Structure formats: structure tokens, C-alpha cells
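Undergrad:
Numbering (the UniProt record's numbering), first residue to last: 1 to 166.
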């Protein structure tokens, strides 16, 4: 082959058109691939945006629940603190109740009136009452029957009438 043929104008024009077409085809292929990649990235971006919105909503819900629970915990803490204070007050105020409980136990164990008076600091009348009640509960003393029925005694009484002036 002759070099002059290869350098002739129509051959050079044909080769340059062929190269231009090949270049143009490769640019279109690259452009199409970049469009596909771009579409895939947009779709992924939309999916991620949707997931982010869902996660944000869930986070807001969780935050509101946590705030509500925090308020309830504070309320319960306040209630417990109030109840603890109230129990302490009642324990301090119930000194007499403990004294009578102790006196009752002592009577059940066989203590006499003088021991109740000295140990529980009860007045003599209360100590005697405790002894009597305990004896009646254990059956050592009989409970006296009622002398008259309350209904009968109420019927025997005559009501006093006030004259009404008209």
C-alpha cells in the first residue's frame, strides 16, 4: 500500500468521521450509564429520605413517651415521699397505740395491774380495764347479760309534748 493513499483527503476524512462516530458513541454510552447511575442514586436518596422521616417521627414519639414517663416518675416519687413522711408522722403519733398493744401482750402473758401501771405508764383505771377485758376475752370472767332490752326502755318513756299555739 502506498502512503500517498493513506494520506489522501477522502481517506483522512473517512477515518476522522469514523473516529468521531466512535467517540460520539462512547460519549452516549457513558452518558446513558451516568443517567442510570444518577437515577439509582436519586431512588436511593428518596428511600433514605423516607426512612429518615420515619425515624424522625419515631424519635419524636419516643421523646414524648419518655417525657410523659418522666413526669409520671416524678409524680410517683412525690407521692412516695409524701407517704413516707406521713408514715413517719403516724409512727411518731401512734405512741399510745404501741403502749396499749404492749399492755395487751403483757396481760396475755400474765402481768398484773401493778406491772401494767409501771411498765406501760397506764392510769390505774385503764390497767384495770385492760385486765378485765382480757379476762372476759379468755373466758375467766363472764360477760353480764343486759338487764333490759333497749327497745323496751325506750317504749316505757313517755315523750314530752310541747303545746303548739295556733
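Beta carbons: idealized from backbone N, C-alpha and C, even for Gly.
Bear in mind the structure is a predicted one, so any value in this text is a computation, not a measurement.
1) Three or more C-beta pairs under 8 Å: does that hold for the segment 101–109 against the segment 80–92?
2) Roughly how many whole angstroms lie between the Cα atoms of residue 124 and residue 100?
3) In angstroms, rounded to a whole number, what distance separates the CA positions of residue 13 and residue 33?
4) Identify which residue in 52, 15, 108 has its Cα closest to the Cα of residue 139.
5) Hey, would you say residue 127 sits closer than 8 Å to residue 143, going by beta carbons?
6) So what does DSSP say about residue 14, is it helix, strand or coil?
7) Which runs of the alpha helix (DSSP H) fall wholly inside the segment 55–108 and span at least 4 residues, in chain order?
8) May I ask you to report which of helix, strand or coil DSSP gives residue 143?
9) Would you tell me roughly how many angstroms separate the C-alpha atoms of residue 166 and residue 137, rounded to the nearest one?
10) What do you reckon, are the CB atoms on residue 141 and residue 132 nearer than 8 Å?
11) Given that a residue counts as buried once 16 or more other Cβ atoms are within 10 Å of its Cβ, and exposed if not, what is residue 9?
12) When DSSP labels each residue in this structure, what does residue 39 get in the three-state scheme?
13) Can you tell me whether DSSP reads residue 8 as helix, strand or coil?
14) DSSP three-state call for residue 127: helix, strand or coil?
TA: The structure says:
1) no
2) Counting from 1 along the chain shown, the entry for residue 124 is found at position 124. Counting from 1 along the chain shown, the entry for residue 100 is found at position 100. The alpha-carbon atoms of residue 124 and residue 100 are separated by roughly 13 Å.
3) Position 13 of the chain shown, counted from the start, is the residue given in the question as residue 13. Position 33 of the chain shown, counted from the start, is the residue given in the question as residue 33. In a straight line, the C-alpha of residue 13 is about 30 Å away from that of residue 33.
4) If you number the chain shown from 1, residue 139 lands on position 139. Among 52, 15, 108, the Cα nearest to that of residue 139 belongs to 108.
5) For the purposes of this step, residue 127 is taken as residue 127 along the chain shown, with counting starting at 1. For the purposes of this step, residue 143 is taken as residue 143 along the chain shown, with counting starting at 1. Not a contact, by the Cβ cut-off of 8 Å.
6) The residue labelled residue 14 in the question sits at position 14 within the chain shown. Of the three classes helix, strand and coil, the one that applies to residue 14 here is helix, per DSSP.
7) 95–108
8) Residue 143 sits at position 143 when you count from the first residue of the chain shown. Coil, per DSSP.
9) The residue labelled residue 166 in the question sits at position 166 within the chain shown. The residue labelled residue 137 in the question sits at position 137 within the chain shown. Because residue 166 carries a pLDDT of 47, less than 50, the predicted location of this residue cannot be relied on, and the following value inherits that uncertainty. Distance between the alpha carbons of residue 166 and residue 137: 58 Å.
10) The residue you call residue 141 lines up with position 141 of the chain shown. The residue you call residue 132 lines up with position 132 of the chain shown. Contact: yes.
11) If you number the chain shown from 1, residue 9 lands on position 9. Classification of residue 9: exposed, given that the 10 Å Cβ count is below 16.
12) Locating residue 39 in the chain shown gives position 39, where the first residue counts as 1. The answer is helix: DSSP assigns residue 39 an H, G or I state.
13) Sequence index remark: in the chain shown, residue 8 carries index 8 (1-based). It is coil, neither helix nor strand.
14) Translated into the one-based positions of the chain shown, residue 127 becomes position 127. Residue state, collapsed to three classes: helix.
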